[in-house]
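The structure under discussion appears below in the form of structure tokens.
Written out as structure tokens, the structure reads:
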């Protein structure tokens, strides 16, 4: 066997590639060991992707053809990041150039005034280029941030509020119409979440659901609407919020009739690791898919200039999520401007690519390189495999790809060099991880 290592080090911009021969473990190595067990398998991984938001599409519209081509091919071609899944908001979200909604007439129960124009303006051109570059069908996840203002108890798209019961069926018809609009344009809608961040009262588009309200909305309104509109093949995900309460939400919703309707639990990363929450979900609800539907570096929390540290934060998140049962991972905005926007409330964030709208320059960020270490090597259909590591100073995830290749990603978040004796099937490959380094290994 041979081990091919691809590394990104803190002091280098280029990749460092090394070939290492495996040797028989004749000495019975005990120290610095990382074990891989490729025959002990867990869930199947669906793939990586990101969000094409109104903001991302707007910035994309400002770019020249050469930069557009570079961006799209980096994300969506098989020999680069190989994104195959995309998340899109229904009506506006914080990463929109303005607030908008597809229906604003409370008397229009037949949705004659429904407009897809704002989605067509910025999101669709970028999505079209992405699917063309991918060379096959991308799978979409759709998520609402808020019902129209007239449907809310607070009369506003923002600042939380609840969905008025008398508009529940009208709202589900709008959600179904959104799905059909994408389907009629040749796109595959794989899944939908009931509500983005249903616990958050935000200064931008938001709507609050208790677990009881979310369960009732699913059972009595959304799923019957899916039946009426012939959309029962679309997966339904609950929660779509931070991991620290994901298990409790499942405990409250996934029972009775809802247990037959829920396909999975969607999580965000903003409240910390909580990998044990994923373990609980995987153990007690093995039938559910677990996905991370949103993660990004918020400039309100983390300094924009801390490129390597921020990239390591997301690599730590990726390793933890992938090693604790997540079956799909969606980054947030795939493109933003030099400020980390536009955002109609100034809630700026980082993205793998920023575009300087004044200098007309596309700027790959450090996090793009770190994401590449995962998405380039871990392919859709890969099966997670077991491992053990001798130190928690190494973050790690390991998979067996559909072609049989074993791959692992390791991240050294510290300053010190960490030795590794990689052991698999009675053979050892020894190497060292420099401080602040990420590497991907391929075993064939």
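Residue numbers (the numbering used here): 29 to 472.
Quick reminder that beta carbons are idealized off the backbone N, C-alpha and C, glycines included.
State buried or exposed for residue 445, treating a residue as buried only when at least 16 other CB atoms are found within 10 Å of its CB.
Residue environment for residue 445: exposed (fewer than 16 other C-beta atoms within 10 angstroms of its C-beta).
Going along the chain, which residues of its own chain have a beta-carbon closer than 8 Å to the beta-carbon of residue 204, five neighbours each way excluded?
253, 254, 256, 257, 259, listed in sequence order.
Go through the region 147 to 224 residue by residue and report every complete run of the alpha helix (DSSP H) that reaches 4 residues or more, in order.
Fully enclosed alpha helix (DSSP H) runs of no fewer than 4 residues occupy 152 to 162, 196 to 212 of the region 147 to 224, in order along the chain.
Cβ pair count under 8 Å reaching 3, the region 330 to 338 against the region 47 to 66
Counting C-beta pairs with one atom in each stretch, the region 330 to 338 and the region 47 to 66 have fewer than three that are closer than 8 Å, which means they do not touch.
Name the one or two DSSP bridge partners that residue 452 has.
In the DSSP output, where bridge partners are listed per residue, residue 452 has 455.
Let me know the secondary structure DSSP gives residue 67 once reduced to three states.
The answer is strand: DSSP assigns residue 67 an E or B state.
Just the Cα atoms here: how many angstroms apart are residue 392 and residue 59?
Across the structure, residue 392 and residue 59 are spaced so that their CA atoms are roughly 38 Å apart.
Report the three-state DSSP secondary structure of residue 327 (helix, strand or coil).
In the structure shown, the three-state DSSP call for residue 327 is coil.
Could you pull out every residue in the same chain whose Cβ sits closer than 7 Å to the Cβ of residue 345, ignoring the five residues on either side in sequence?
Taken in chain order, the residues that qualify are 297, 323.
So, does the region 366 to 383 touch the region 348 to 358, judging by three or more C-beta pairs under 8 Å?
Contact between the region 366 to 383 and the region 348 to 358 is absent, because fewer than three Cβ pairs lie under 8 Å.
Grab me the residues of residue 79's own chain with a C-beta within less than 6 Å of its C-beta, minus the 5 sequence neighbours each way, in chain order.
If we look at residue 79 and ignore the five residues flanking it on each side, its Cβ neighbours are 115, 360, 361.
If residue 91 sits next to residue 102, beta carbons under 8 Å apart, how far is it from one beta carbon to the other, in whole angstroms?
Beta-carbon to beta-carbon, residue 91 and residue 102 are separated by about 13 Å, too far to satisfy the 8 Å threshold.
CB contact flag (residue 289, residue 217, <9 Å)
Against a cut-off of 9 Å, the Cβ pair of residue 217 and residue 289 comes out as no contact.
Is there contact between the region 209 to 216 and the region 232 to 245, where contact requires at least three CB pairs shorter than 8 Å?
Not touching, per the Cβ criterion.
In the structure shown, what three-state DSSP assignment does residue 370 receive?
In this structure, residue 370 counts as coil in the three-state DSSP scheme.
Rounded to the nearest angstrom, what separates residue 247 and residue 226 at their Cα positions?
Roughly 17 Å between the two C-alpha positions.
Can you list, in chain order, the residues of its chain whose CB lies under 6 Å from that of residue 441, leaving out five sequence neighbours each side?
Close CB contacts of residue 441 within its chain, under the 6 Å cut and outside five residues either way in sequence, are with 340 (chain order).
Using DSSP bridges, identify the partner residues of residue 37.
Partner(s): 465.
Could you tell me the boundaries of the alpha helix (DSSP H) in which residue 97 lies?
93 to 104 is the extent of the alpha helix (DSSP H) around residue 97.
When burial is assigned at 16 or more other CB atoms within 10 Å of the CB, is residue 475 buried or exposed?
This structure cannot settle anything about residue 475, because the visible part of the chain is limited to 29 through 472.
Between the Cα of residue 276 and those of 462, 308, 300, spot the shortest distance and give me the residue it belongs to.
308 is the residue among 462, 308, 300 whose C-alpha sits nearest the C-alpha of residue 276.
Hey, would you say residue 174 sits closer than 9 Å to residue 192, going by beta carbons?
Their beta carbons are not under 9 Å apart, which means residue 174 does not touch residue 192 by this criterion.
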